[in-house]
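Chemist:
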Amino acid sequence: MSEYILCGKIGAPFGLNGALHFYPYSEQPKTLSSIKNIYLSNDGIFIPLAVSSIRVHGDHCVVSFSEHPTLDSAQALRGKECYLDPKELPSLPNTEYYWFELIGMRVFHDKKDYGLVQRVYTHHHDVLVTDSGLHIPFIMGDTICTVDRNLRHILVDYDLDIELDDSNDRDE
0 MSEYILCGKI GAPFGLNGAL HFYPYSEQPK TLSSIKNIYL SNDGIFIPLA VSSIRVHGDH
60 CVVSFSEHPT LDSAQALRGK ECYLDPKELP SLPNTEYYWF ELIGMRVFHD KKDYGLVQRV
120 YTHHHDVLVT DSGLHIPFIM GDTICTVDRN LRHILVDYDL DIELDDSNDR DE
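All letters in the sequence shown, in the order written, are residues 0 to 171 by numbering that gives the first Met the number 0.
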């Protein structure tokens, strides 16, 4: 599985030495502080840019690329969407997950299959959304019992039947 992950967008130059504003789509820009490459897509072909420096700057980052050391060459990257190779991300402890890992996992409660995770909302509370329309708060040790990366299963302890009844009421 080497599907590249959309991670942000390059903004305007920062200073005169080729640095650029980088607006990550993550709520926590500091998670990008250890990346070595950012990829640009050219008709589905992913081209790596070597990150020479990256630092958090308020709610976004400032990034410099080895291949674009001047203001003029960096300016050509403005507005480009950027991707990460998931194989290059740091490993997480067993109880932490990148949201992209959860997409496509099957949700179970009491041996009943409640569908696949389609997306993760990360506003006030992290919420898994399944293809059956369920919204499940992602709270480890509470609504989320276990996440099995190998089996690609999530075991939940959440009254999913009430959630299903509520969603049926909304359809009427």
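Using N, Cα and C, we set each Cβ at its ideal position, and we do this for glycine too. Computed from a predicted structure; not experimentally measured.
Have a look at residue 59 and residue 21 and give me their C-alpha separation to the nearest angstrom.
Modeler: Approximately 6 Å between the Cα atoms of the pair.
Chemist: In three-state terms, what does DSSP make of residue 58?
Modeler: In this structure, residue 58 counts as coil in the three-state DSSP scheme.
Chemist: Mapping the DSSP letters down to three states, classify residue 41 as helix, strand or coil.
Modeler: Three-state DSSP puts residue 41 in a strand.
Chemist: Residues in the same chain with beta-carbon distance under 6 Å from residue 26, minus the five sequence neighbours each way, listed in chain order, please.
Modeler: Hits under 6 Å: 121.
Chemist: Taking the alpha carbon of residue 53 as the point to measure from, which residue in 43, 3, 42 and 65 has its own alpha carbon closest?
Modeler: For residue 53, the nearest C-alpha among the options comes from 65.
Chemist: Would you tell me roughly how many angstroms separate the C-alpha atoms of residue 51 and residue 63, rounded to the nearest one?
Modeler: Rounded to the nearest angstrom, the two C-alpha atoms are 5 Å apart.
Chemist: Please report how far the alpha carbon of residue 124 lies from the alpha carbon of residue 146, in whole angstroms.
Modeler: Whole-angstrom Cα-Cα distance: 18 Å.
Chemist: Which one of 126, 111 and 102 has the shortest CA to CA distance from residue 117?
Modeler: For residue 117, the nearest C-alpha among the options comes from 102.
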